[in-house]
Amino acid sequence: MFYSTRSKLLAGFLGVTLLVGAVSLFTGVHLIDQNVFGEALNRVQQDLNAAHEMYLSRVKQVKTCLSITTLGFAFISSVSERNTTDLAIRLERMARLAELDFAGITTEDGRTLCRMGPYAFPGPASRGVNPLAKVVLEQRVSVSGTMVLDRDFLISENPDLAERARIPIGHRPEGDADSAQEESAGMVIGAAVPIVEGDTLVGVLYGGILLNRSEAIVDTLRDTVFQSETYQGRSVGSSTIFLYDLRIATNVYSPEGRRALGTRVSREVKEHVLNQGKLWTDRAHVVGNWYISAYRPIEDIFGRRVGMLYVGVLEEKFTRIRGQALEMFILITLAGMLLAAAAGVVIARRITLPIQRLIQASQQVREGSLNPELGPPANSEIGVLQKAFGEMVAAMGRRRAASELRIIHSEKQASVGRLAAGVAHEINNPLTGVLTYTHMLLRRKDIAPDMRSDLQIIVEATERVRKIVKGLLDFSRQTKLDPEPTDVNRLVGAAISLIENQALVKGVAINFNPGENLPQVTLDRSQIQSVIINIIINSLDATEPGGHIRIFTAASLSGNGAAQEGIEITFADTGCGIPPENLNKLFDPFFTTKSVGQGTGLGLSVSLGIVQRHGGHIRVQSEVGKGSRFFIWLPIQRRAEHESVGG
Amino acid sequence: MRVLVVDDEPIVLKSCRLVLEAEGWEMIPASSVTEALSILESITPELLLVDVKMPVHDGMYLMRKVREKRPGIPIIVMSGYATSETIKEAEGLGAAIFLPKPFTPDELADTLRAVAKSTSPD
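Chains as they are written, first to last, in numbering that gives the first Met the number 0: chain A, 0 to 646; chain B, 0 to 121.
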């Protein structure tokens, strides 16, 4: 399979972009995980501390309120006088101010004097004193903190309170099948303060807040810590108070939108926090959502771990950030890939278009065209390639033209030579017969005049045949050269003198300007002279009376390949000229424009053969109506390769 | 004057006979080298007119034989097609002159006369 450069480039671009994208994606997500989630865990831990501080300050607030109340002179005297009516009013007022769910006063001997709620004045038969008050009575110091009150006590304190504390258990952890269907104990924060008159303990004031179903505390915690931050309509933060492992006050919502009361914490957290008393900070699955959460144990006033405080932040907020970052990374990568693809296509096009053109051009060359379309030159290495290709094709064209001509010429020469040899041998014998017999007949005196003229025609025709055969022979005769140093000017002069009369008769002037100080040239005198005569006769034939032929000689370097010293003989006539279409055929054997009987069409081809065997060449320039110029160039020293030609 | 003409072409022999007899010379034809050699056993011609290209033995072979047996006889070599090598070879074998075919009666007669004149001092 052939993969184009374009697809390779494209694949490269896309690959790099994809790689960079993937690496940045991986790194980005990793960094977000490390920093954002790490930061979130740190923050939620701080949030838990803040929530715990608020929890404690709420406890302290209750205690302070109670303490202030016990300092009032009127209050003390009402207690010592057992003025329950007055005390009931005072309790009510205080509870309202401190937002207490329950409050009461006991006597120094442990009898409940007065309390809030429907059983404000319990009889002597009523159940014992509030555990908070009991601690004060035993230790004679004020106490405050968290405490778990069982249902019986809650009822005795206030049946409404007991009712509020009831929380049905919705979710029981596995293996805990026999646990209660509902939680009836109440978790409270509260305080108890001794009431002292002078140095004498006259009673205990106690009060507190029931945490079960208390929305105020957890919501205040949440709103203070998380500042009402919301995400998609939900509060980002959440807080919960656990009684042991059970949610008794929370703003974590169930999927149905209710507060998730009565649900339990995971066994892992319970073990870690409740049993071992440690902090827990991690991702946690809390009632259907993932939270980054923190738990800490809550201890009651006796130092027992009775519950947990929890704060958490919706993980979705952070996963959303991560998601957005991911989206952004993917988008950037995709955009990068698109850009890379576009750039790849453009660049590949710019690179491959000239290459395509070159391929097409080489195809054209293969199909024989030597003038292929290369397209506009590219300004890159491709451009250099294009140029080199063009030059190569041009050189090929020149060489092919030259070699084709040479091949055609030598092929023609060889076949014509063989043919001529055969023909000459076969024809010359019968020709001898024809010539002999007609001549002998003509010698006779007794033949009729009309017969004589017929015989004459036979003689002329036979002479023509003889000429043609002689031309053929001259053409095919690859005689070895017999070179000797020659003065070219003299040779040309001698040739001219042989034709001068003919020229004079026709009325054409031949002017010869011999070049001065020409070196001697080693050549076959008789052959070169026949070439010179042939060309002058051609010029003479082409030139009308009144015209002239100028001949001159000069030293000249050969034009093709390595410059070689030589001599050029120029023949310029004012003749009819040669049409361009005939210039190529000029040296072909049997090509002639002369009328039948005037030329064999072998003269120039024989001449070219002779000159070439001397290592020279013949060039022609011609303009129809103005005249022609023939140039014979001959090297002063023949090169070795030409010696073998001929024979 | 007796001339032995050797050529495998009857028309050439006939032509030569016509011209030579018109000149008043005796013409002895031989259509092959073998025939010419057997004739030379018994007759001594004043001139030999020999074609180069003939089947079996060519003119060169004949000339070598003649040079061995009758070195005095002048030989005219004729051919319808000869390269300069052939001419040089013929000259090397003692050919007096090279006569290209075709020739007219005058050309033949003139050539024979010239050779006969130059080789007959006595």
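In this text, a Cβ means the ideal position worked out from N, Cα and C, and glycines have one as well.
- At a cut-off of 8 Å between beta carbons, phenylalanine 102(B) contacts chain A.
- With a 10 Å radius around the Cβ and a threshold of 16 neighbouring Cβ atoms, alanine 259(A) comes out buried.
- The three-state reading of DSSP puts cysteine 575(A) in coil, since its state is none of H, G, I, E or B.
- With respect to chain A, the C-beta atom of leucine 17(B) has a partner C-beta closer than 8 Å.
- Taking the Cα positions, isoleucine 42(B) is about 52 Å away from glycine 614(A).
- When DSSP states are grouped into helix, strand and coil, glutamate 483(A) belongs to the strand group.
- The residues Ile74 and Val76, in chain order, have a CB closer than 6 Å to that of alanine 94(B) in the same chain once the five nearest residues on each side in sequence are set aside.
- CA-to-CA, the gap between glutamate 567(A) and serine 557(A) works out to about 9 Å.
- At a cut-off of 8 Å between beta-carbon atoms, valine 76(B) makes no contact with chain A.
- A straight-line Cα-Cα distance of about 12 Å links glycine 396(A) and arginine 365(A).
- Using beta-carbon distances, glycine 432(A) counts as an interface residue toward chain B, with a partner under 8 Å.
- Under the 8 Å Cβ criterion, the segment 181-194 of chain A counts as touching the segment 53-73 of chain A, having at least three qualifying pairs.
- Contact annotation: methionine 26(B) and alanine 115(B) have beta-carbon atoms that are not nearer than 8 Å.
- Residue range 101-106 is occupied by the beta strand (DSSP E) that includes glycine 103(A), with no alpha helix (DSSP H) assigned at that position.
- A Cβ-Cβ distance of about 13 Å is found for the pair alanine 387(A) and proline 371(A), leaving them out of contact under the 8 Å criterion.
- The three-state secondary structure of glycine 256(A), taken from DSSP, is coil.
- According to the DSSP secondary-structure assignment, tyrosine 205(A) is paired through a beta bridge with Gly103(A) and Ala191(A).
- Taking a 10 Å sphere around the C-beta of glutamate 38(A), we find fewer than 16 other C-beta atoms and assign the residue as exposed.
- Taking the beta carbon of arginine 465(A) as reference, the chain B residues within 8 Å of it are Pro101, listed in sequence order.
- Secondary structure of aspartate 57(B) (DSSP, three-state): coil.
- Listed along chain B, the residues sitting closer than 9 Å to histidine 424(A) by beta-carbon distance are Lys52, Ser78, Gly79, Tyr80 and Lys100.
- The C-beta of leucine 472(A) comes closer than 8 Å to at least one C-beta of chain B.
- When CB distances to chain A are screened at a threshold of 9 Å, the residues of the segment 11-41 of chain B falling below it are Val11, Lys13, Ser14, Cys15, Leu17, Val18 and Ala21, in chain order.
- Counted as a single uninterrupted DSSP element, the alpha helix (DSSP H) harbouring histidine 29(A) occupies residues 4-31.
- Taking every protein chain shown into account, the CB of threonine 26(A) has fewer than 16 other CB atoms within 10 angstroms, so this residue is exposed.
- Positions of the alpha helix (DSSP H) runs, each at least 4 residues long and wholly inside the segment 314-385 of chain A, are given as 314-365 in order along the chain.
- For aspartate 159(A), the uninterrupted alpha helix (DSSP H) run begins and ends at 158-164, by DSSP.
- For isoleucine 86(B), the enclosing alpha helix (DSSP H) covers residues 83-91.
- Take the alpha-carbon of leucine 517(A) and the one of isoleucine 631(A): they are about 15 Å apart.
- DSSP, read as helix, strand or coil, puts aspartate 299(A) in strand.
- Sorting Trp289(A), Gly207(A) and Pro634(A) by C-alpha distance to the C-alpha of alanine 562(A) places Pro634(A) at the top.
- A buried status is given to asparagine 129(A), since no fewer than 16 other beta-carbon atoms sit within 10 Å of its beta-carbon.
- Among the residues facing chain A, glutamate 8(B) is included, as its CB has a counterpart in that chain under 8 Å away.
- Between isoleucine 548(A) and threonine 569(A), the gap from beta carbon to beta carbon reaches 8 Å or more.
- Contact between threonine 552(A) and valine 487(A) holds, since their C-beta atoms are separated by about 6 Å, short of 8 Å.
- Assignment of isoleucine 446(A) by DSSP, reduced to helix, strand and coil, places it in the coil class.
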